[in-house]
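First up is the structure itself, then whatever we jot down about it.
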Amino acid sequence: MDASRASAKVFRFGSFEASVHSGELRCEGMRIHLQGQPFLVLVLLLERAGELVTREELRDRVWPENTFVEFDYALNTAIKKIRSVLGDDANKPRYVETVPRRGYRFIAPVTHTLENSCREEVAAGERGVPAHTMGGRRERPLLIGMIITAFVLGYLVRRAPL
Numbered sequence: 434m435d436a437s438r439a440s441a442k443v444f445r446f447g448s449f450e451a452s453v454h455s456g457e458l459r460c461e462g463m464r465i466h467l468q469g470q471p472f473l474v475l476v477l478l479l480e481r482a483g484e485l486v487t488r489e490e491l492r493d494r495v496w497p498e499n500t501f502v503e504f505d506y507a508l509n510t511a512i513k514k515i516r517s518v519l520g521d522d523a524n525k526p527r528y529v530e531t532v533p534r535r536g537y538r539f540i541a542p543v544t545h546t547l548e549n550s551c552r553e554e555v556a557a558g559e560r561g562v563p564a565h566t567m568g569g570r571r572e573r574p575l576l577i578g579m580i581i582t583a584f585v586l587g588y589l590v591r592r593a594p595l
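For the sequence shown, my numbering gives the first residue as 434, with consecutive numbering after it.
Here it is as structure tokens:
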């Protein structure tokens with residue numbers, strides 16, 4: 434096991450989970466597409482949750498010197514994409530707060546664990562539940578249908594003559 438994988442973090446906030454190693458963002462176990470630069474910006478904000486991350490820090494860490502892009506446009510686009518996938522609003526932020534002309538701050542509570550430590554806990558015998566069985570959006574209509582069917586059957590059984 435290499436050191437970079439051992440220290441890869443999984444950040445959890447709200448109903449979201451961001452894995453640094455896999456570069457994936459998930460909501461209630463469902464993978465959400467977030468491109469490379471926006472994901473890197475999100476990870477940097479998560480690493481420093483509650484703190485101001487300046488535009489200069491973001492430029493230095495996410496866009497190397499030899500990258501030729503209009504930085505302000507690229508950063509603003511990355512932040513818009515992050516807010517879009519998180520369902521956040523710049524005017525009433527729940528996750529990413531803008532500090533005008535200075536930078537951004539991740540304002541939601543964040544927890545993090547080492548990615549491999551999560552796997553090792555489950556492998557060591559702790560009870561784990563796969564993300565796709567935790568009642569995600571796809572399972573809700575099925576669950577609602579089953580509940581309605583149970584009520585209808587209960588009603589019909591009570592009304593049936595003995």
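For glycine and all other residues, C-beta sits at the position ideal for the given N, C-alpha and C.
Quiz item: Any idea which residues DSSP pairs Leu485 with across the strands?
Solution: Locating residue 485 in the sequence shown gives position 52, counting from the first residue. In the DSSP output, where bridge partners are listed per residue, Leu485 has Arg538.
Practice problem: Please report the residue range of the beta strand (DSSP E) in which Ala451 lies. | Solution: For this step, residue 451 is matched to residue 18 along the sequence shown. From DSSP, the beta strand (DSSP E) with Ala451 extends over Phe449 to Ser452.
Quiz item: Exposed or buried, what is Asp493 when buried is set at 16 or more other beta-carbons lying within 10 Å of its beta-carbon?
Solution: Here residue 493 refers to the residue found at position 60 when the sequence shown is read from its first residue. Label assigned to Asp493: exposed.
Quiz item: Does the Cβ-Cβ distance between Gly536 and Val495 come in under 8 Å?
Solution: The count along the sequence shown starts at 1 and reaches residue 536 at position 103. The count along the sequence shown starts at 1 and reaches residue 495 at position 62. Against a cut-off of 8 Å, the Cβ pair of Val495 and Gly536 comes out as no contact.
Quiz prompt | Cβ shell of Val476 (< 8 Å), same chain only, five flanking positions each side left out | solution = Position 43 of the sequence shown, counted from the start, is the residue given in the question as residue 476. So the list reads Phe444, Ala451 and Val453, once near-sequence residues are dropped.
Quiz item: Are the stretch 521-528 and the stretch 452-469 touching, with three or more C-beta to C-beta distances below 8 Å?
Solution: no
Practice problem: Rounded to whole angstroms, what's the CA-CA distance from Tyr528 to Ala583? Just pull it up for me. | Solution: Position 95 of the sequence shown, counted from the first residue, corresponds to residue 528. Position 150 of the sequence shown, counted from the first residue, corresponds to residue 583. If I take the Cα positions, the gap works out to 39 Å.
Practice problem: Could you spell out the range, first to last residue, of the alpha helix (DSSP H) harbouring Gly525? | Solution: The residue you call residue 525 lines up with position 92 of the sequence shown. With the sequence shown as reference, residue 525 is identified as Lys, and Gly is not the correct amino acid for it. Note, Lys525: premise wrong, no alpha helix (DSSP H); not H, not E.
Quiz item: What's the call for Ile581, buried or exposed, on a 16-neighbour Cβ count within 10 Å?
Solution: The residue you call residue 581 lines up with position 148 of the sequence shown. Burial call: exposed.
Quiz item: Is it the case that the Cβ atoms of Leu479 and Val532 are separated by a distance below 8 Å?
Solution: Residue 479 sits at position 46 when you count from the first residue of the sequence shown. Residue 532 sits at position 99 when you count from the first residue of the sequence shown. Contact flag unset, no.
Self-check item: Endpoints, beta strand (DSSP E) assigned at Leu458
Solution: Against the sequence shown, residue 458 aligns to sequence position 25. That run of the beta strand (DSSP E) goes Glu457 to Cys460.
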